[in-house]
Amino acid sequence: MKDLKSNLSYKIYKNGKEFLKENEIYLNANVKTFIETSFFFLNAQDYQQLDRKNYALQFKNGAEHLFILRLDPYNMVLFGSKTLCEFAASIVADLNLVVEGVLGKEECASEFLKYYQERLKGEIELQHSMQIMVLNKLTYSPKSTVFQCTPKDIEELALCYCSFKKEALHEKMDISTAIEILKGREHTFYAIKEQGKIVSIAARARDFDSSCSISNVFTIPEYRGRGYSKQVVSKLCEDIIGEGKTPNLYVDSTNPISNHLYLNLGFTYLTDQVQYCYHPSFIKTAVFAGGCFWCVAEPFYSLEGVRKVVSGFVGGKETHPSYAQVKQGTTGHREAILIEYDSSKIKYSTLLETYFSSIDPFDDGGQFIDRGYNYTCGIYTSDSLEKEEIKNRIKALEQQYNQSVYVDVREDTIFYPAEEEHQNYALKHPEKIKEEFETSGRLNKKEN
592 MKDLKSNLSY KIYKNGKEFL KENEIYLNAN VKTFIETSFF FLNAQDYQQL
642 DRKNYALQFK NGAEHLFILR LDPYNMVLFG SKTLCEFAAS IVADLNLVVE
692 GVLGKEECAS EFLKYYQERL KGEIELQHSM QIMVLNKLTY SPKSTVFQCT
742 PKDIEELALC YCSFKKEALH EKMDISTAIE ILKGREHTFY AIKEQGKIVS
792 IAARARDFDS SCSISNVFTI PEYRGRGYSK QVVSKLCEDI IGEGKTPNLY
842 VDSTNPISNH LYLNLGFTYL TDQVQYCYHP SFIKTAVFAG GCFWCVAEPF
892 YSLEGVRKVV SGFVGGKETH PSYAQVKQGT TGHREAILIE YDSSKIKYST
942 LLETYFSSID PFDDGGQFID RGYNYTCGIY TSDSLEKEEI KNRIKALEQQ
992 YNQSVYVDVR EDTIFYPAEE EHQNYALKHP EKIKEEFETS GRLNKKEN
């Protein structure tokens, strides 16, 4: 999809395979770039189908690129040019995609969220500030006391793993749960034993052809100060380098102790990484399909609390459908509108009332003069309270008129904005929209 006003363009991908096929050349330019973008490759493997919570996008302006990928329930990962973040934030909001957090370079992550927050408000919280470190040459020789875990070590490993979870991540975990998590992964852990029990661990993670990350570095408190973490990590690094791979890890930028440990082993800083959480605000969205989107949008422009009304398309399997394609009725999309509104100023019930007053809910073949599935009615929401409110309104209409209501209630979905000439059509062309209401038959409905 291209912005006709500039050279800006974007593309949304149906699955991770399609995304990587087209963009691997940028995300894997060299081993250091790959280390920085490894979460793209990791998450893309499990990204199977596009929806609001699972998506991948490429943004482009000439030679500049920005990439975004989200795999639910993980945060969005972001990599590329900072100058495209404003455009990207606008498109992500337009598409009605879920944003709960961002992982990436500080300059990009904060820039994206700045513009996203300007659009949809919400609160931004810094969850982690990290540095990626890489090792090209190991400067320390590990001792022979370090060993690679096997299934027979799983109970001892689980005990140490639970202690790691409690101290490092503030998560309580019982031994049986830990054992289930670790089954089949024992070999990824290296450890040291003291007095017959595992007291220090480190593990392989994000293991690829060219690089391997190190995680879960932990020593039980009473055994610290003996250099155990240094030994375990160095042995793990020795094996990784022996496989022709580059060891890397994430360190807390505010933890000088761990940073000193890795610097002593020969690690160097590659780049920063931050992880932000995003908490939605009182600015919410509503998606309604009810025939011609020019006409459905018209009564919402004047409502106090409505910030933005976008005309577009929902449903269907194709990305970026055009108006001409949807109008033919072959894509499986409906014409629809997305409303951004201030929930402190206008209630969802008011939006529903406006919507139902502008459609014929008893028509199962389209709306007024516009016929076909692409002009049928639907409401899209994942909010249980909103669903209940819609259900009650439909039930009341059916009882009042003794007719079946043909308004689909579906999960909130990706919203594809229509071309610019279809946006704010009623405001741009008041005479034409008046004529549209008259010729379509909507005028009688509006006056009633």
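The numbering used here applies: residue 592 is where the sequence shown begins, and numbers increase by one.
Ideal Cβ positions, reconstructed from N, Cα and C, are used throughout, including at glycine.
Distance between residue j and residue i (C-alpha atoms, nearest Å)
{"i": "F1028", "j": "C886", "result": "7 Å"}
{"i": "H924", "j": "G907", "result": "4 Å"}
{"i": "E829", "j": "I805", "result": "12 Å"}
{"i": "I603", "j": "H911", "result": "8 Å"}
{"i": "I937", "j": "L1018", "result": "21 Å"}
{"i": "Y781", "j": "G833", "result": "15 Å"}
{"i": "I831", "j": "D800", "result": "10 Å"}
{"i": "S629", "j": "V690", "result": "20 Å"}
{"i": "P890", "j": "S934", "result": "18 Å"}
{"i": "I589", "j": "C751", "result": "Because the chain is modelled from 592 through 1039, residue 589 falls outside the range shown and cannot be assessed."}
{"i": "N554", "j": "V668", "result": "Because the chain spans 592 through 1039 in this model, residue 554 falls outside it and cannot be assessed."}
{"i": "P664", "j": "N983", "result": "32 Å"}
{"i": "K836", "j": "H719", "result": "27 Å"}
{"i": "L595", "j": "N652", "result": "Bear in mind that a pLDDT of 42 at L595, under 50, signals an unreliable position, so the model cannot answer this."}
{"i": "D1003", "j": "S844", "result": "38 Å"}
{"i": "F858", "j": "E977", "result": "53 Å"}
{"i": "E785", "j": "I766", "result": "20 Å"}
{"i": "Q1014", "j": "F632", "result": "36 Å"}
{"i": "K1023", "j": "E1012", "result": "13 Å"}
First and last residue of the uninterrupted alpha helix (DSSP H) at residue i
{"i": "V737", "result": "Where V737 is concerned, there is no enclosing alpha helix (DSSP H), given that its DSSP letter is neither H nor E."}
{"i": "N634", "result": "V622 to A635"}
{"i": "P1021", "result": "P1021 to S1031"}
{"i": "G833", "result": "Y819 to G833"}
{"i": "I783", "result": "Per DSSP, I783 belongs to no alpha helix (DSSP H); it is in the beta strand (DSSP E), F780 to E785."}
{"i": "E702", "result": "E697 to L711"}
{"i": "D685", "result": "C676 to D685"}
Beta-ladder partner(s) of residue i, from DSSP
{"i": "F809", "result": "I792"}
{"i": "R925", "result": "V905"}
{"i": "D961", "result": "Q958"}
{"i": "Y1007", "result": "F904"}
{"i": "M667", "result": "V693"}
Assumed close pair residue i, residue j - CB separation to whole angstroms, cut-off 8 Å
{"i": "N634", "j": "L657", "result": "Between L657 and N634 the Cβ distance is about 17 Å, and since that is not below 8 Å, they are no contact."}
{"i": "I792", "j": "F809", "result": "6 Å"}
{"i": "E697", "j": "D863", "result": "5 Å"}
{"i": "M721", "j": "V842", "result": "6 Å"}
{"i": "L725", "j": "K623", "result": "Strictly speaking, residue 725 in this sequence is Val, with Leu absent from that position. Contact holds; Cβ gap of about 7 Å."}
Bounding residues of the beta strand (DSSP E) (the contiguous stretch that carries residue i)
{"i": "Q991", "result": "Per DSSP, Q991 belongs to no beta strand (DSSP E); it is in the alpha helix (DSSP H), S975 to Y992."}
{"i": "G1048", "result": "In the structure as shown, the chain starts at 592 and stops at 1039, and residue 1048 therefore has no counterpart that could be examined."}
{"i": "Y860", "result": "F858 to H870"}
{"i": "C886", "result": "Premise fails: C886 lies in the alpha helix (DSSP H), F884 to A888, not in any beta strand (DSSP E)."}
{"i": "I659", "result": "E655 to R661"}
{"i": "I970", "result": "C968 to Y971"}
On the three-pair Cβ rule with 8 Å, is the region 729-741 touching the region 954-961?
The region 729-741 makes no contact with the region 954-961; the number of CB pairs closer than 8 Å stays below 3.
The region 670-679 / the region 693-712 touching (three or more Cβ pairs under 8 Å)
Counting Cβ pairs under 8 Å, three or more are found: they touch.
Touch check for the region 1004-1017 and the region 896-907: three-plus C-beta pairs under 8 Å?
In the pairwise beta carbon analysis, the region 1004-1017 is classified as touching the region 896-907: at least three pairs are separated by under 8 Å.
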